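Before any comments, here is the structure.
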Amino acid sequence: MVENTGKPLDRVDGRLKVTGAARYSAEWDVPNLAHAAVVSSTVARGSVRALDTAAARAAPGVLAVLSHENAPRLQPLPEKVGGTLFRGEGGMTETRQPLQDTAVHYAGQPLAVVVADTLERARHAASLVRVTYAEQPPELTLKSVSQRSLPETFVGNKDEKLQVTVGDPKAALAAAPVRLERVYESAITHHNPIEPLATIARWEQRNGGEFLTLYDTSRGVENLQEVMATSLGLPKESVQVICPFIGGAFGAKGWLFAPPLLTAMAARLAGRPVKLEWRRQDMFSVAGQRAATHQTLSLGASRDGKLLALQHDTQTHASIMSGYTEPCARVSRMLYAVPNLGFSHQLAHLHLPSPCPMRGPGETVGGWALECAMDELAAELSLDPVELRLRNYADKNPETGKPWSSKHLRECYERGKALIGWDQRNPKPRAMREGNQLVGYGMATTMYPAARRPAEARATLFADGRALVQSATHELGNGAYTIFRQISADGLALPLERVRFELGDSALPAAPTSGGSATTATIGPAALEACRNVLTALKRLAIQQAQSPLHGAAEDAIEARDGRLVLKADASRGEDYAAILRRAKLPLVAATASVKPGEEREQYSFYSFGAVFVKVRVDEASGSIRLARLCAVYDVGRLMNPKTAHSQIIGGVMMGLGATLMEETQYDARTGRAVVRNLADYHVPSLADTPDITVEWLGIPDPHISELGARGIGEIGCVGTPAAITNAVYHATGQRLRSLPLTPDKLLRG
Amino acid sequence: MHPSQYQRATDATQAVAAVAARPTAAFVAGGTSQLDLMKEGVLRPDLLVDVTPLALTTISPLDGGLRLGAGVSNTAAALHPEVQRRYAAVSEALLAGASTQIRNMASLGGNPLQRTRCPYFRDPAQPCNKREPGSGCAALGGYNRVHAIFGASDKCVATHPSDLAVALSALDARVQTTGPNGPRSIPFPELHRLPGDAPQQDTTLAHGELITSLDLPAFDGRSHYLKVRERASYAFALVSCAVALEMDGKKIRRARVALGGVAHKPWRLPAEVEAMLTGKKPGEKLFRAVADKAFAEAKPLEHNAYKIPMGRNLLVRALLETSGLQPLQGPAGTAFAASVGGVSGEVAAR
Amino acid sequence: MLLDALREQLHLTGTKKGCDHGQCGACTVHIDGQSALSCLTLAVMSEGRAITTIEGLARGEELHPVQEAFVKHDAFQCGYCTPGQIMAATALVQDRQQRSAAEIREAMSGNLCRCAAYANIIAAIQEAQRA
Ligand SMILES: Cc1cc2nc3c(=O)[nH]c(=O)nc-3n(C[C@H](O)[C@H](O)[C@H](O)COP(=O)(O)OP(=O)(O)OC[C@H]3O[C@@H](n4cnc5c(N)ncnc54)[C@H](O)[C@@H]3O)c2cc1C
Ligand code: SF4
Ligand code: FES
Ligand code: FES
């Protein structure tokens, strides 16, 4: 049956994307659409004393001005949605609903929304709103902050405790023959998808009640539907969220809900459908961010390089109204065989915008700290960095003691070494040059938890021979349309062209928010099961039809092959799907599936692994660092489509590269206003920053995760890359840089 | 964007008159700086006079030099064979700036008149003396990593972002203008000013004074531009350096050096520092001494002290490369020659 | 602005808005055959000039060779920067020069792709150059 799955097919939505025909959230042609612009706070802490909207309301084309003075009352956010803790310390999102009071908790907080007939007029009118504040001095740095906490879990997940001690790391560190304690710091970074946030909200009367349609840049249409319904006091069925294409998310566009709530309220007030497109600068206040971290890594080892103790303590921050905690120990807790293991996370509440997951949350910067510390330990012990890792290879999960579902990391190291030419390098720091540049090689291990979540899907076979499979998942560049069509086509034994896959609509069978690299492992099995169920329904029909060649056959004696149901024992006895439906005078037959991971989750520890090797060139005189080459080898289970998978992995690698070399958001240390708030000052990697990249994978299916054997690939590329680069810079220059990003000033200061 | 009227210029005199008559009027050419800042709410002219119809788009010989029309696009100027061959620093500076699209749009007249990239200037909610005289300078005690180390005042510590301007300063180009008081010819190093007490004033041009051409004087030496930035391309300079070097046999006849990213204007080295090179044989030791001298008076702020070692090293390298003691990093007259570190990948240039 | 006129008035939404300030390249169109940013172009200033957007590139069902190459090499993921990339790339390849990878890196640096399909964009442009 495996015809399409696993093949490097072109994206099925490729034509739409290269012709500009793919429709993103701001692009729906909704009749009578009005446009919104936001007035944001210019102070970081205090309250709104007065909001003078008279001039704005009098401006040409203005339809409404929404503020705390006239905003509809919203219900509190749910405590938990789909198992994710929303509120409290360690929770996922902002608990405060927008425009319900006068409090100001960060600069850039939306205070009013102006609706007008055109975008220009809305923006102009917004510039006329005058706000006066009762200001208070904001708290803006990890050092000076009055509100701190030690969150217990990451987003309420009982398997992800944030304060853990296994064994006695303190005593083991004290007794270790070799000890190393280092502080690593990382800057605030922003996802900055090229598509900014946008929502179109339309209210209608349907079946005697209010109905809200939202076209929103959301990678969690179901989740958002529930949040909107709860907040607005509507039944869930009265809200529909639609998003067939997302212009990149990377952790944003999932867990912060003020933008769609503001748009829905504005549309209600204006009595017209409203579009709110956020400006790039707003992406630095309302779209979420990766918080800055201050991490202390302590390693204790024997002289021959066996880790005896590992302690990883993180200080990070959230906003005043969020408890989101960057889980920096995600890598430290599982990567190496270490008997004494401890980690902690201290959260400070600052007057800055709310954080949220960003590609490789915890893993990217936490793994960076660990893998840099390991490199430092290797240097201290005069061991090859790969050798040090092999000496501490974990054959089971050190925190839980569970066996891995599948782990082939050794092969990744070996292959990666060969690809980059590891053994040909001169291992001494500062020993290699090209022209006036220093050259360095570095490596790091990467990993990613292989999550799988419950999901539903529906499969429909039509009498004309076509099929449709649906699930409310998302296309955000991950190739969802393509791979789920591939999987569905195989599940239905139909050619690709006859199958369509639909997603991005909360009216479809339920699917979780797309994140945590779990989409393939989650939706793939659901789609497959729905296909199986619809074929079963069809078999039953055939069995009952007197004229069918399959009449009276046992259900399990029948199989699907090339668009036909046939007897397993005699493939010549059978008929195509359409014939069965036509005979039954049915336009279609449909079936749903609801699947979830099972016992295996308790038995095994599910992770992907990999090894990243890089070669850098460092221009020491100017502090400029460039990547010449990156070679990475991954153990990520079976790939559904190597072509789209390759793209996702190199995309992750480049985001890791950006976080390492150039990405950094600055807020003014006095006022809390974003100083870096556009794409000229916030540097994301350009084409010119792209090294020669070789990415390989082992292609070994995970025997336990699902019958597809596929783990996720969306984030693993982002992890590992930062430490590999940082370690290569050390090899090139002899300098240990322990603060991200590695901008030229740091190397020159170093 | 602030509501604004738009007018196409019919001829230079009319354009000058139209802008000069209204304190709130402005020229627009490529629009890549002017419209950008209007959309930010930083500039609020109520009349835009479009100078693109003036067709100041020719490059022609002039007294052994070249006259570059103010309306020539950055792309056209950079790729012009005579510019590339005789004034490599100009091509290098242009091609190491912005992006292909922006260079296609941007004019030579507009480029040196683009406004600072000081992030506080771009945010109307922040105090900024340049945008709103008297409101204060947020950068002074704020985030000032990209700000000036030379010639700043307590009113403004911004830097000038143009790459082209640095090259033109080193080459002693002349700016031809037509203004309300008739035509003028301005030595390029005198086009921009230091902030002093009036940071709102970037240049010495009068309101309504139109640049018609940038004239490159005859030059038979080598010129070169180097730029350090945080991303391999499509980023403004942290520090840059232009050198125009004329030789007498093995000795330096005249060396002119300008630095970018360090001051409110292209920072021409003081005459006495440039003179340290005159009559000497090129050499690293000499260049180091010049660099030390050049940066002796630098005054860093809280976050930009790195510009001193960076600038010193860059100056030395620019002199070494221009004098041929070290190879260029890419073909002369291209972005590859200018970009310190080159692009990523095993092959950094070409 | 030309970008808003295209997207909001003409409903030609293939041209994307990523930053609205010349900092991303998503809004790239051709003006008189050259790549230009529609977010920094006044609609009135482009009167009388030839403007091509992504919608005008394919001939009916037949994709432009650059579009073909982008699909073949998977030179995008989310697709949001893609029209701008393709407009920049089609302008680039029209001179029929065979550019090296380093030259493509430099020439195309004004089109940011946060999905970072960059390595594939290089491959796609190299293929289109040969076409
Ligand atoms: C994202 C981005 C990155 C950039 N990167 C760089 C870079 O790395 N290096 C660099 O040097 N530049 C860079 N730039 C700036 C760009 O090069 C300039 O904006 C451009 O050169 C200005 O030319 P223009 O024709 O578009 O000017 P406009 O925007 O049309 O005008 C700029 C100013 O000049 C005035 N003006 C225009 N023409 C005349 C004239 N003939 N006479 C008198 N006044 C005139 C206008 O009134 C206005 O005040 C970048 C710009 C952007 C948006
Ligand atoms: S440095 Fe100049 S431009 Fe920047 S805030 Fe201060 S006054 Fe304004
Ligand atoms: S939208 Fe025009 S460059 Fe970003
Ligand atoms: S494909 Fe997503 S930004 Fe380029």
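Protein chains in written order, with our numbering: chain F, 1052 to 1801; chain C, -5 to 344; chain Y, 44 to 174.
We put the beta carbon where it would ideally sit given N, CA and C, even for glycine.
The structure presented is a predicted model; accordingly, all values stated were derived computationally and were not measured.
Beta carbon proximity, residue i to chain F, threshold 8 angstroms
i	result
Y/A132	no
C/E340	yes
Y/A162	yes
Y/I97	yes
Y/V72	no
Y/A159	yes
C/G136	yes
Proximity of residue i and residue j at Cβ, strictly below 8 angstroms
i	j	result
F/P1324	F/V1081	yes
Y/H116	Y/A166	yes
F/A1629	F/G1516	yes
F/P1378	F/L1213	yes
C/N98	Y/Q77	yes
C/L239	C/F281	no
F/A1783	F/G1472	no
F/V1173	F/A1249	This sequence places Ala at residue 1173 of chain F; Val is not what is there. Not in contact: F/A1173 and F/A1249 (Cβ atoms no closer than 8 angstroms).
F/T1497	F/V1663	yes
Buried/exposed call for residue i, threshold 16 Cβ in 10 Å
i	result
F/L1201	exposed
C/G135	exposed
C/A70	buried
F/A1469	exposed
Y/Q110	buried
C/N175	exposed
F/D1686	buried
Min CB distance residue i to chain Y below 8 angstroms
i	result
F/I1764	no
F/M1052	In this predicted model, F/M1052 has a pLDDT of only 45, less than 50, meaning its place in the structure is not dependable enough to derive any value.
F/R1724	no
C/A329	yes
F/S1568	no
Below-8 angstroms beta-carbon distance, residue i vs any chain C residue
i	result
F/L1193	no
Y/E146	yes
F/V1727	yes
Y/G239	The structure shown has nothing for residue 239 of chain Y, since chain Y only spans 44 to 174.
F/T1794	yes
F/A1810	The question about residue 1810 of chain F has no answer, for chain F in this structure spans 1052 to 1801.
Y/T84	yes
Unbroken beta strand (DSSP E) run spanning residue i, endpoints
i	result
F/A1399	N1391 to H1400
C/F281	Unbroken run through C/F281 is the alpha helix (DSSP H), E278 to F289; no beta strand (DSSP E).
F/A1588	Taken as a continuous stretch (DSSP letters only), F/A1588 belongs to no beta strand (DSSP E), being part of the alpha helix (DSSP H) at T1570 to Q1595.
F/G1418	Note, F/G1418: premise wrong, no beta strand (DSSP E); alpha helix (DSSP H) at E1414 to L1432.
F/V1090	A1085 to S1091
N- and C-terminal bounds of the alpha helix (DSSP H) containing residue i
i	result
F/K1694	P1693 to L1712
F/D1326	According to the sequence shown, residue 1326 of chain F is Lys rather than Asp. Segment V1325 to E1328 is the beta strand (DSSP E) holding F/K1326; no alpha helix (DSSP H) there.
Legend entry - Complete runs of the alpha helix (DSSP H) confined to the segment 80 to 163 of chain C [at least 4 residues]: 82 to 89 and 94 to 99
Inset, instruction - Let me know the alpha helix (DSSP H) ranges lying completely inside the segment 299 to 343 of chain C, each 4 residues or longer, listed in chain order. - result: 301 to 316 and 329 to 332
Inset, instruction - Scan the segment 1154 to 1191 of chain F and note each continuous beta strand (DSSP E) run of 3 residues or more that stays entirely inside, going in chain order. - result: 1161 to 1167 and 1181 to 1186
Inset, instruction - List in chain order: all unbroken beta strand (DSSP E) runs of 3+ residues lying wholly within the segment 183 to 228 of chain C. - result: 204 to 210 and 216 to 222
Legend entry - Length-filtered (4 minimum) alpha helix (DSSP H) runs lying within the segment 102 to 169 of chain Y: 108 to 115, 125 to 136 and 144 to 150
Inset, instruction - Ignoring anything shorter than 4 residues or poking outside the segment 1756 to 1780 of chain F, list the alpha helix (DSSP H) runs there in chain order. - result: none
Inset, instruction - Could you tell me which uninterrupted beta strand (DSSP E) segments, each at least 3 residues in length, are contained entirely in the segment 1462 to 1538 of chain F, listed from first to last along the chain? - result: 1488 to 1500, 1506 to 1513 and 1518 to 1521
Inset, instruction - Would you list, in sequence order, the uninterrupted alpha helix (DSSP H) runs of no fewer than 4 residues that lie entirely inside the segment 1226 to 1302 of chain F? - result: 1272 to 1283
Legend entry - Completely contained alpha helix (DSSP H) runs for the segment 1611 to 1662 of chain F, where each covers 4 or more residues: 1628 to 1634 and 1651 to 1654
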